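S.K.: Residue numbers (the numbering used here): 28 to 386. Even glycine gets a Cβ: it sits at the ideal position worked out from N, Cα and C. Keep in mind that this is a model prediction, so the values were computed, not measured. Have a look at this one.
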Ligand SMILES: [Zn+2]
């Protein structure tokens, strides 16, 4: 994770904090100081924010651990000033699984709220004495407890792709096709996002950011699910590219440059003794030229660990795999023999054709 500080890991899930988080703390300090608030009080506010983000981390672990139960790993959890993001390697498609993964986060906050409320009832905190609304050692627990309740309720708003929106989509997709369910949930999400931005403009700048984030996120995910649904029913062989350019593994990069300039291809298959062993892309060639010069071997800058797909496997799975592993091309295999390649761009073209025919 670039520009982030590694905090630690639990059950193979790494937690990072993004550098922009320091801006949030800086903003709190400066805005409080400008109001003439004493340094000691500001320190308590900072402590509260840190405690709040510890609760956000636990919320994200709710999602991550629920996903682990269904065999879905989480790449990492990253903390941003507007909240945390658990990056799951894929999203559960089964409505019941999606429901549990989505709701597990807010449930953690509800559990924290209940536990802290019990602690508060034992320590006998008198709410009536809270005349001066200020975060102090004696009000800290009360603040954290209330914040957890607010966190849970806010996240449960049906603003897709927030947790509540995912719960909504899960319910909708029991009866409707997933693409349609996503479209409806995404529409509601974008409507609420506009409301957040509008409300935030007059009240809270962070809400504006959250609104923008939701609006863009909803749009992207609706498009993505639609593409995925177009690919349903296709097999890898439908997008097979049997014509491709090859390069010898021990040829110099200058050879790759020559082919790059002489053809339309942006990806090449790297061969060794007539066997395909990997791929090299335009970007990898350029990077190789920058670091190794044009006499460097092609093999050194190739991806020698390509995804290998069976010709009869479903195309939507293949596409998802390529997206999550960030690979633009994959090898297509039949009975252990290399047949050709699958190119992300080629799949996009297939989607475009399918969309055009559907209209
Ligand atoms: Zn969540």
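1. Could you tell me which residues DSSP puts in a beta bridge with residue 361?
2. Report whether the distance from the Cβ of residue 216 to the nearest heavy atom of ligand 1 is below 7 Å.
3. Between residue 55 and residue 134, what straight-line distance do the alpha-carbon atoms span, to the nearest angstrom?
4. Among 170, 179, 372 and 140, which residue has its Cα nearest to the Cα of residue 131?
5. With distances taken from each beta carbon to the nearest heavy atom of ligand 1, which residues come in below 6 Å, in chain order?
6. DSSP three-state call for residue 265: helix, strand or coil?
7. I think residue 43 touches residue 32, with their Cβ atoms under 8 Å apart; what is that distance to the nearest whole Å?
8. Kindly give me the distance between the Cβ atoms of residue 234 and residue 227, rounded to whole angstroms, as I take these residues to be in contact under 8 Å.
9. For residue 279, which beta-bridge partners are listed by DSSP?
10. Less than 8 Å between C-beta atoms, sequence neighbours within five positions excluded: which residues of the same chain meet that for residue 110?
11. For residue 349, collect the residues of the same chain with a Cβ closer than 7 Å to its Cβ; drop the 5 residues on either side in sequence, then sort them by chain order.
12. Under 8 Å by Cβ, that's how I've got residue 20 and residue 369 pegged, so tell me the actual separation to the nearest angstrom.
13. Going by C-alpha to C-alpha distance, which of 307, 272 and 204 sits closest to residue 290?
14. Starting from residue 296, follow its DSSP beta bridges and name the residues at the other end.
15. Between the Cα of residue 307 and those of 320, 318 and 326, spot the shortest distance and give me the residue it belongs to.
16. Can you tell me whether DSSP reads residue 102 as helix, strand or coil?
M.R.: Quick answer:
1. Paired residues: 364.
2. no
3. 28 Å
4. 179
5. 86, 90, 132, 182 and 190
6. In the three-state DSSP reduction, residue 265 falls in the helix class (H, G or I).
7. Here residue 43 really is in contact with residue 32; their C-beta atoms are around 6 Å apart, less than 8 Å.
8. 3 Å
9. 324
10. 83 and 237
11. 334, 357 and 371
12. Beyond the ends of the chain as shown, which are 28 and 386, falls residue 20; an answer cannot be given.
13. 272
14. According to DSSP, which records beta bridges pairwise, residue 296 is partnered with 273 and 306.
15. 326
16. strand
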